[in-house]
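Below is one structure, written out as structure tokens; the observations come after it.
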Amino acid sequence: MRPIATVLVYSDDASTREQVRLAAGRRPAADVPPVEFLECATLPAVLSALEEGGIDACVLDGETAPAGGMGVCRQIKDEIFQCPPVLLLIGRPQDAWLATWSRAEAAVTHPVDPVALADALAGLLRRRLSVGA
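Okay, here's the thing in structure tokens:
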């Protein structure tokens, strides 16, 4: 298992990024490595970070403007080779179909529920790290 997992967090709202960091904690589950967060507030920053590599999972805010997390997710799934798994923050449970359209592997709703977010993120990290990507 890798010593540290890198999680990209994309939102134009600093408080949302903070909520994600606090909800996931330093280790979202005992059987995944500790995480470090790379925060991005703009689409160009997300694309640059993903092209550099080393990202194990992404948490994208579907409510971000002007480039929302759902559209960003669909774009990176098309453009980034071996794109890391994505956890989408959606505005309401009824938006789950949009998360599916965007090809996200998981979704949780705003406001961030720490248990749901940590569980979903840990699941993505388990799958990603078990295949040695």
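The opening residue of the sequence shown carries number 1 in UniProt numbering; numbering runs sequentially from there.
Cβ atoms here follow ideal geometry from the backbone N, Cα and C, with glycine treated the same way.
Small disclaimer: the values here were computed from a predicted structure and weren't measured.
Select from the options the residue whose C-alpha is nearest the C-alpha of residue i.
| i | options | result |
| --- | --- | --- |
| D12 | G25, E39 and I90 | E39 |
| I80 | L60, I90, I4 and A49 | A49 |
| C83 | G62, G71 and C58 | C58 |
| R127 | P85, Q19, L47 and F37 | P85 |
| A105 | K77, I4 and V9 | It should be pointed out that residue 105 corresponds to Glu in this sequence rather than to Ala. Among K77, I4 and V9, the Cα nearest to that of E105 belongs to K77. |
| F37 | E51, L22 and L47 | L22 |
| H110 | W101, A96, T100 and R103 | A96 |
Using C-beta distances below 8 Å, list every residue in its chain close to residue i, excluding the 5 sequence neighbours before and after it, in chain order.
| i | result |
| --- | --- |
| G54 | T6 |
| A122 | P28, A29, D31 and V32 |
Mind checking which residues open and close the beta strand (DSSP E) that includes residue i?
| i | result |
| --- | --- |
| E36 | V35 to C40 |
| C73 | Looking at the DSSP string, C73 is not in any beta strand (DSSP E); the run it does join, the alpha helix (DSSP H), is G69 to E79. |
Leaving out five residues on either side along the sequence, give the residues of the same chain with a beta carbon under 7 Å from the beta carbon of residue i.
| i | result |
| --- | --- |
| A67 | L43 |
Which term fits residue i, buried or exposed, when burial requires 16 or more other beta carbons within 10 angstroms of its beta carbon?
| i | result |
| --- | --- |
| S130 | exposed |
| residue 142 | With the chain covering only 1 through 133, there is no way to say anything about residue 142. |
| G91 | exposed |
| M1 | Confidence at M1 is low in this model, with a pLDDT of 47, below 50, so its placement is unreliable and the value that follows should be read with caution. Per the 10 Å Cβ criterion, exposed. |
| L88 | buried |
Could you pull out every residue in the same chain whose Cβ sits closer than 6 Å to the Cβ of residue i, ignoring the five residues on either side in sequence?
| i | result |
| --- | --- |
| Y114 | Looking at the sequence shown, residue 114 is not Tyr but Pro. Closer than 6 Å at Cβ, skipping near neighbours: A23. |
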